[in-house]
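Report on one structure; see the data block that follows.
Protein chains: 2
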Amino acid sequence: MRQIKVGVIGFGTVGMGTVKALWNQKEEIEKELGVGVKVVKIVDKEWMIGRPMVVPPDIKSSDPSEVIDDPEIEIVVEAMGGIDPAFDYVSQALARGKTVITPNKELIAKKGRELFQLSAENETDVYFEGAVGGGIPIIHTLKEQLLGDDILEVIGIVNGTTNYILSEMSLRKTSFEKALEDAKRKGFAEPIPTNDVEGYDSTYKIAILATLCFHGRVDVEKVYREGITRILTDDIEYARELGYTIKLLAIARRIGEDIELRVQPVLLPLSHPLSTVFGVENAIYVRSRTRDLTFRGPGAGGDATGSAMVGDIIDAIRNIKYEARGRVGCTCMRDLTVLPMESLISQNCVRVLALDVPGVLGKIASEFGNSGVSLSAVKQPVSTPGKLTNIYFLTHRIQERNIQKAIQSIQNLDVVKDVYAIRVEDGES
Amino acid sequence: MRQIKVGVIGFGTVGMGTVKALWNQKEEIEKELGVGVKVVKIVDKEWMIGRPMVVPPDIKSSDPSEVIDDPEIEIVVEAMGGIDPAFDYVSQALARGKTVITPNKELIAKKGRELFQLSAENETDVYFEGAVGGGIPIIHTLKEQLLGDDILEVIGIVNGTTNYILSEMSLRKTSFEKALEDAKRKGFAEPIPTNDVEGYDSTYKIAILATLCFHGRVDVEKVYREGITRILTDDIEYARELGYTIKLLAIARRIGEDIELRVQPVLLPLSHPLSTVFGVENAIYVRSRTRDLTFRGPGAGGDATGSAMVGDIIDAIRNIKYEARGRVGCTCMRDLTVLPMESLISQNCVRVLALDVPGVLGKIASEFGNSGVSLSAVKQPVSTPGKLTNIYFLTHRIQERNIQKAIQSIQNLDVVKDVYAIRVEDGES
Numbered sequence: 001m002r003q004i005k006v007g008v009i010g011f012g013t014v015g016m017g018t019v020k021a022l023w024n025q026k027e028e029i030e031k032e033l034g035v036g037v038k039v040v041k042i043v044d045k046e047w048m049i050g051r052p053m054v055v056p057p058d059i060k061s062s063d064p065s066e067v068i069d070d071p072e073i074e075i076v077v078e079a080m081g082g083i084d085p086a087f088d089y090v091s092q093a094l095a096r097g098k099t100v101i102t103p104n105k106e107l108i109a110k111k112g113r114e115l116f117q118l119s120a121e122n123e124t125d126v127y128f129e130g131a132v133g134g135g136i137p138i139i140h141t142l143k144e145q146l147l148g149d150d151i152l153e154v155i156g157i158v159n160g161t162t163n164y165i166l167s168e169m170s171l172r173k174t175s176f177e178k179a180l181e182d183a184k185r186k187g188f189a190e191p192i193p194t195n196d197v198e199g200y201d202s203t204y205k206i207a208i209l210a211t212l213c214f215h216g217r218v219d220v221e222k223v224y225r226e227g228i229t230r231i232l233t234d235d236i237e238y239a240r241e242l243g244y245t246i247k248l249l250a251i252a253r254r255i256g257e258d259i260e261l262r263v264q265p266v267l268l269p270l271s272h273p274l275s276t277v278f279g280v281e282n283a284i285y286v287r288s289r290t291r292d293l294t295f296r297g298p299g300a301g302g303d304a305t306g307s308a309m310v311g312d313i314i315d316a317i318r319n320i321k322y323e324a325r326g327r328v329g330c331t332c333m334r335d336l337t338v339l340p341m342e343s344l345i346s347q348n349c350v351r352v353l354a355l356d357v358p359g360v361l362g363k364i365a366s367e368f369g370n371s372g373v374s375l376s377a378v379k380q381p382v383s384t385p386g387k388l389t390n391i392y393f394l395t396h397r398i399q400e401r402n403i404q405k406a407i408q409s410i411q412n413l414d415v416v417k418d419v420y421a422i423r424v425e426d427g428e429s
Numbered sequence: 001m002r003q004i005k006v007g008v009i010g011f012g013t014v015g016m017g018t019v020k021a022l023w024n025q026k027e028e029i030e031k032e033l034g035v036g037v038k039v040v041k042i043v044d045k046e047w048m049i050g051r052p053m054v055v056p057p058d059i060k061s062s063d064p065s066e067v068i069d070d071p072e073i074e075i076v077v078e079a080m081g082g083i084d085p086a087f088d089y090v091s092q093a094l095a096r097g098k099t100v101i102t103p104n105k106e107l108i109a110k111k112g113r114e115l116f117q118l119s120a121e122n123e124t125d126v127y128f129e130g131a132v133g134g135g136i137p138i139i140h141t142l143k144e145q146l147l148g149d150d151i152l153e154v155i156g157i158v159n160g161t162t163n164y165i166l167s168e169m170s171l172r173k174t175s176f177e178k179a180l181e182d183a184k185r186k187g188f189a190e191p192i193p194t195n196d197v198e199g200y201d202s203t204y205k206i207a208i209l210a211t212l213c214f215h216g217r218v219d220v221e222k223v224y225r226e227g228i229t230r231i232l233t234d235d236i237e238y239a240r241e242l243g244y245t246i247k248l249l250a251i252a253r254r255i256g257e258d259i260e261l262r263v264q265p266v267l268l269p270l271s272h273p274l275s276t277v278f279g280v281e282n283a284i285y286v287r288s289r290t291r292d293l294t295f296r297g298p299g300a301g302g303d304a305t306g307s308a309m310v311g312d313i314i315d316a317i318r319n320i321k322y323e324a325r326g327r328v329g330c331t332c333m334r335d336l337t338v339l340p341m342e343s344l345i346s347q348n349c350v351r352v353l354a355l356d357v358p359g360v361l362g363k364i365a366s367e368f369g370n371s372g373v374s375l376s377a378v379k380q381p382v383s384t385p386g387k388l389t390n391i392y393f394l395t396h397r398i399q400e401r402n403i404q405k406a407i408q409s410i411q412n413l414d415v416v417k418d419v420y421a422i423r424v425e426d427g428e429s
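First to last, the sequence lines map onto chains A and B. Per full-length UniProt numbering, the first sequence runs over residues 1 to 429. Per full-length UniProt numbering, the second sequence runs over residues 1 to 429.
Written out as structure tokens, the structure reads:
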């Protein structure tokens with residue numbers, strides 16, 4: 001039986017998950033494929049500090065060149081994360097004709113163009129099933145089964161940390177700060193959580209999804225981004241009264257030949273398939289001309305992501321066995337224009353922190369009117385006269401630039417302390 | 001550019017949906033694949049009665065041999081349904097080295113072994129993405145991305161007709177009969193709905209899913225089957241009080257090295273991802289050692305299923321282009337033993353139609369006890385003394401054979417008119 005040798009660079013959670021899944025299922029996979037698969041080298045800088053997985057000493061290394069320069073290794077698993085030095089290692093591996101498997105969303109989002117170019121030139125493959133939605137098999141599905149679909153939008157809950165926080169805020173009515181602390185305690189949030197709570201992580205993922213769905217490479221810098229740090233439990237309560245939940249969504253939608261592209265907390269109708277996705281779970285919703293699909297599953301975790309990477313390894317082996325490398329290459333073939341945020345049209349839920357004084361509602365409502373924004377509902381909770389209170393305004397569908405104008409002028413009112421707008425996601429733009 | 005010729009046999013809803021999707025996306029697909037794809041012949045017996053789709057006269061035919069015997073046709077789409085004559089046509093096409101694409105669940109469930117054998121002998125491919133879950137890309141996912149997963153269970157809502165009926169009964173509290181009539185009016189149910197409401201359709205689909213998940217061919221005759229005709233709106237109400245909904249599920253679960261395999265209405269916890277799937281929508285839930293995944297989408301319809309078939313065509317073209325036919329063949333490699341229903345262990349919700357006379361509850365409860373079944377809850381609604389009333393009993397987890405014994409002896413009580421048991425699905429067995 002032919003033996004295919006695998007080298008692994010980076011042995012953190014996902015690297016370990018991949019090797020574990022491969023070892024657990026080795027016999028089964030070899031029987032199915034009629035090909036042997038063997039991890040011959042694992043490179044990591046942290047062997048000294050100990051890893052919770054036993055690895056034969058002879059396959060441990062701390063030198064990436066032992067994988068990259070080994071001509072017998074046909075498949076390289078990159079599980080370091082980040083751009084530097086992962087980009088170098090992956091580029092070198094591809095240049096040597098090796099197949100690369102990586103769950104590195106930042107690498108794919110920022111350096112995808114170069115990597116797929118290299119991969120095509122060297123007639124090899126790059127796989128990245130683990131890069132979006134962890135254990136959810138969405139990448140292969142988009143590149144293969146849905147390649148011929150006329151996709152209109154893709155919407156994801158692609159960050160478990162923020163979905164956990166918003167779920168806790170919604171189900172237990174805890175504040176953002178408390179939910180974040182809880183997430184840190186449970187290992188669902190990093191000590192410095194900026195990358196997740198400010199939405200950066202989701203921008204990489206939606207850039208990748210949009211690139212696949214709309215067949216044109218999307219620059220991650222073009223993704224409009226807002227985090228969830230300003231969301232209050234009161235916002236979630238008010239949303240629920242209106243029939244919505246609040247989720248941090250990553251949205252890419254075709255508007256004519258262009259696309260709208262954004263990561264932001266939105267009011268999502270309770271009837272939407274993504275509204276019932278709670279906790280750290282992820283989900284991706286794809287709407288094409290002919291079908292609405294929802295893919296739901298674990299968005300992170302070494303075991304789940306490791307299994308997704310093993311799916312990639314199986315695909316890689318099949319291509320090697322059938323001499324069909326390059327069979328599914330880059331699917332980008334057009335230039336996409338990302339629309340500026342100002343042209344977005346949506347309903348908005350605007351929260352205004354204002355002094356509860358006579359006439360305050362009228363003053364604020366007038367500013368909406370002056371900016372061309374008409375209102376569909378107002379909610380002023382019972383409060384103490386003379387004190388600050390949150391008043392909620394639900395607008396009709398209107399261009400983002402009008403909302404921004406309204407926010408500006410309301411912000412300038414002397415009775416107003418703060419203004420915050422959350423868009424309503426209704427599947428239209 | 002190389003041209004790949006496609007022949008279509010059967011031009012009903014799905015045949016038309018496939019051709020429509022292919023024509024709509026032809027340019028895009030050809031650009032992506034670098035290969036031309038052309039429908040050169042469509043065979044149907046019903047051209048006379050008119051089809052709601054315009055087809056050039058020169059590609060119309062009523063003779064299947066014009067597809068099967070044409071050496072230039074490399075891909076055959078079979079969209080007739082049923083075994084006879086579809087099995088003959090597909091066999092002949094495979095024997096001539098053609099790739100076959102079929103959404104024919106009955107054909108794959110009953111004749112899969114022969115077809116994959118033929119396909120392997122002739123180094124070609126059989127695709128059947130449309131056979132389960134219509135437009136949901138579950139087949140490729142199981143055969144490829146999840147091939148290396150250690151799958152523990154697969155549960156599907158794989159019949160839109162019955163899910164629509166149960167959803168209507170649940171949301172609108174209409175009777176089974178009324179919901180069925182409504183489904184017929186809307187075109188969601190056949191005039192003779194037996195195949196759907198009695199669960200036969202779902203047995204084909206779970207046989208296919210189990211075969212893929214557990215890597216051994218499952219005989220469709222071995223699937224235990226119950227339909228939904230006996231479900232009452234009262235059952236659904238009582239289920240809801242307990243925190244459940246009622247769904248017709250197709251379940252395949254590994255118990256040690258064997259599998260449990262059944263289609264039946266069950267009480268499903270409202271927290272389960274499948275509990276929020278309403279109407280004609282389908283969904284498939286897969287639980288492996290490392291991940292829980294849910295795939296949700298349209299289970300039928302020409303356009304959605306047609307798109308799934310186009311996904312198959314794309315895969316077929318890639319294999320032809322890369323000379324990689326057979327790349328993903330049959331994934332069966334072990335013998336599976338299907339456990340007898342009697343050995344199933346589950347909670348049961350038992351509805352007993354009995355005369356409301358003093359002591360009736362005690363009599364029935366005693367029979368449960370005599371059969372070794374202990375009870376967790378009883379609900380006797382207010383009724384008219386001396387009249388028939390439905391009493392609900394919720395049992396603890398117990399072997400099916402004990403439940404059957406209890407039902408028998410309760411049925412024999414002179415105060416009892418009818419007994420009906422619904423299993424509780426709790427993810428265990």
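Don't be surprised by glycine CBs; every beta carbon is placed ideally from N, CA and C.
| Query | Result |
| --- | --- |
| Using Cβ-Cβ distances below 8 angstroms, what residues of the region 135-158 of chain B are close to chain A? | Gly135, Ile136, Pro137, His140, Thr141, Glu144, Gln145, Leu146, Leu147, Gly148, Asp149 and Asp150 |
| Run through DSSP, which three-state label would glycine 133 of chain B get? | coil |
| Who are the Cβ neighbours of valine 415 of chain A in its own chain at under 7 angstroms, not counting the five residues just before and after it? | Ala354, Leu355, Val357, Val360 and Lys363 |
| How many Å lie between valine 67 of chain B and isoleucine 9 of chain B at the Cα? | 8 angstroms |
| Under a CB-based cut-off of 8 angstroms, is methionine 333 of chain B close to chain A? | yes |
| Just verifying my parser: in three-state terms, what is the DSSP assignment at glycine 36 of chain A? | strand |
| Against chain B, does leucine 249 of chain A count as a neighbour if the rule is that its beta carbon must be under 8 angstroms from one of theirs? | no |
| Just how far apart, CA to CA, sit threonine 229 of chain A and isoleucine 157 of chain B? | 38 angstroms |
| Just checking my contact of threonine 331 of chain A with glycine 130 of chain A at CB under 8 angstroms: how many whole Å lie between their CB atoms? | That pair is no contact at about 18 angstroms. |
| Judging by CA-CA distance, which residue of A/His140, A/Pro64, A/Val54 and A/Leu166 is the nearest neighbour of glycine 227 of chain A? | A/Leu166 |
| Tell me whether arginine 287 of chain B sits in a helix, a strand or coil according to DSSP, three-state version. | strand |
| How would you call lysine 31 of chain A, buried or exposed, if buried means at least 16 neighbouring beta carbons within 10 angstroms? | exposed |
| Is it true that the region 162-178 of chain A meets the region 238-250 of chain A, where meeting means three or more beta-carbon pairs spaced less than 8 angstroms apart? | yes |
| Against chain A, does phenylalanine 188 of chain B count as a neighbour if the rule is that its beta carbon must be under 8 angstroms from one of theirs? | no |
| Just mark leucine 270 of chain A as buried or exposed, buried being the case when its beta carbon has 16 or more other beta carbons within 10 Å. | exposed |
| At 9 angstroms on the CB atoms, spell out the chain B contacts of isoleucine 29 of chain A, in chain order. | Leu147 and Gly148 |
| What does the alpha-carbon distance come out to for the pair serine 288 of chain A and aspartate 150 of chain A? | 5 angstroms |
| By Cβ distance below 6 angstroms, which residues in the same chain neighbour threonine 389 of chain B in space, the five residues on each side in sequence not counted? | Asp356 and Ser383 |
| Against chain B, with Cβ distances strictly below 8 angstroms, would phenylalanine 11 of chain A count as a contact? | no |
| Anything in chain A within Cβ reach of glycine 297 of chain B, meaning under 8 angstroms, just list it in chain order. | Arg291, Asp292, Leu293 and Thr294 |
| For leucine 118 of chain B, which residues of its own chain have a beta-carbon under 7 angstroms away from its beta-carbon, when the five flanking residues on both sides are left out? | Ser91, Leu94 and Ala95 |
| Looking at glutamate 342 of chain A: is its Cβ nearer than 8 angstroms to the Cβ of arginine 254 of chain A? | no |
| Determine, for arginine 327 of chain B, whether the minimum Cβ-Cβ distance to residues of chain A falls below 8 angstroms. | yes |
| Please report how far the alpha carbon of valine 373 of chain B lies from the alpha carbon of glycine 134 of chain B, in whole angstroms. | 40 angstroms |
| Please report the distance separating the alpha-carbon of methionine 169 of chain B from that of phenylalanine 278 of chain B. | 11 angstroms |
| Could you check whether the region 393-408 of chain B touches the region 319-326 of chain B, counting it as contact only if at least three pairs of C-beta atoms, one from each stretch, sit closer than 8 angstroms? | no |
| Can you list, in chain order, the residues of its chain with a C-beta nearer than 7 angstroms to that of isoleucine 208 of chain B? Leave out the 5 residues immediately preceding and following it. | Lys105, Ile108, Ala109, Ala131 and Val132 |
| What three-state label does DSSP hand arginine 2 of chain B in the structure shown? | coil |
| Where do the N-terminal and C-terminal ends of the beta strand (DSSP E) with glutamine 264 of chain A fall, by residue? | 258-269 |
| Would you please verify whether the beta carbon of glycine 386 of chain B is less than 8 angstroms from any beta carbon of chain A? | no |
| By the 7 angstroms beta-carbon criterion, what residues does the region 313-325 of chain B contribute toward chain A? | Ile314, Asp315, Arg318, Tyr322 and Ala324 |
| Could you give the first and the last residue of the continuous alpha helix (DSSP H) run that contains glutamate 181 of chain A? | 176-185 |
| Check distances from the C-beta atoms of the region 21-54 of chain B to those of chain A and list, in chain order, the residues that come in under 8 angstroms. | Ala21, Leu22, Asn24, Gln25, Glu28, Ile29, Lys31 and Glu32 |
| Measuring straight from C-alpha to C-alpha, what distance separates cysteine 213 of chain B and isoleucine 206 of chain B? | 10 angstroms |
| Which residue's Cα is closest to the Cα of valine 220 of chain B: B/Val424, B/Gly112 and B/Pro103? | B/Gly112 |
| Using a Cβ-Cβ distance cut-off of 8 angstroms, determine whether threonine 162 of chain B contacts chain A. | no |
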